[in-house]
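Let me begin by presenting the structure, written as structure tokens, before commenting on it.
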Ligand SMILES: C[S@@+](CC[C@H](N)C(=O)[O-])C[C@H]1O[C@@H](n2cnc3c(N)ncnc32)[C@H](O)[C@@H]1O
């Protein structure tokens, strides 16, 4: 356990290590029933478009093995199956995972992104949607993703980002810190979103973490005026 970590369980964005793991798991268990509705509302349905773009960069070939890590309610899974992949979804939060069951024929498993229960070099592509920001150790999760991928395998991650334009950044901060907690109902959970985004690695640091984990040709692209960023790379 990280003894230097701040210890206020009502502020999960300040937690680290094992404490963060538990806080994030409990938070997603609480918001699971309303998660899809809030996702559509917050992104004005654009999350579907970003997911499709993410699956495109993977260049999935029929019969390839795909892992959607931190799969939550499973919105990536039907797209991976449509692309011809044999898909698995993994998440460490059972109430989220339970909601993924009806969305696709993909296999589902309870697992932590920092300790993936798959053999090294056993997967062709990995997707993560708005998950990397939440894991207790991002560098370790990237290393785990690199480990389970075959050489030449592809990884794509979508997550929140801080807009570079100061005016857009200001508007986004006001919207996400006032409107979201109101709309979401669970104020603590929906305060977590902007707070965790603010403390998240920069685009450049995230790309560097991927490179250090064993990815080459790492690229990133902004969506939603820089509020969302997609990172992708190829397993070296
Ligand atoms: C914001 S939701 C995203 C869900 C889904 N990927 C999507 O695109 O809608 C984040 C998900 O990551 C999961 N998660 C967070 N940390 C995790 C970890 N260390 N291991 C596995 N899953 C984790 C949460 O349980 C939650 O379901």
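In my numbering, the protein residues as written are 17 to 252. Note that the Cβ used here is the ideal one computed from N, Cα and C, for glycine as well.
Under three-state DSSP, which class holds residue i?
i: residue 17; result: Here the model assigns residue 17 a pLDDT of 36, short of 50, so the residue's position is not dependable, and the following value carries that caveat. It is coil, neither helix nor strand.
i: residue 167; result: strand
i: residue 180; result: coil
i: residue 89; result: coil
i: residue 60; result: coil
i: residue 79; result: coil
i: residue 125; result: strand
i: residue 173; result: strand
i: residue 136; result: coil
i: residue 151; result: coil
i: residue 188; result: helix
i: residue 193; result: helix
i: residue 225; result: helix
i: residue 218; result: coil
Which residues share a DSSP beta bridge with residue i?
i: residue 237; result: 246
i: residue 251; result: 231
i: residue 84; result: 105 and 143
Which term fits residue i, buried or exposed, when burial requires 16 or more other beta carbons within 10 angstroms of its beta carbon?
i: residue 221; result: exposed
i: residue 67; result: buried
i: residue 232; result: exposed
i: residue 251; result: buried
i: residue 64; result: exposed
i: residue 243; result: buried
i: residue 201; result: exposed
i: residue 80; result: buried
i: residue 90; result: buried
i: residue 40; result: buried
i: residue 143; result: buried
i: residue 118; result: exposed
i: residue 199; result: exposed
i: residue 160; result: buried
i: residue 78; result: exposed
i: residue 123; result: exposed
i: residue 62; result: exposed
i: residue 170; result: buried
The beta strand (DSSP E) with residue i in it runs from where to where?
i: residue 132; result: Looking at the DSSP string, residue 132 is not in any beta strand (DSSP E), and its letter there is neither H nor E.
i: residue 103; result: 102-107
i: residue 143; result: 139-145
Between which two residues does the alpha helix (DSSP H) harbouring residue i extend?
i: residue 47; result: 33-47
i: residue 99; result: It is not in any alpha helix (DSSP H) - residue 99 carries neither H nor E in the DSSP assignment.
i: residue 117; result: No alpha helix (DSSP H) contains residue 117, which DSSP labels as neither H nor E.
i: residue 200; result: 196-200
i: residue 210; result: 203-215
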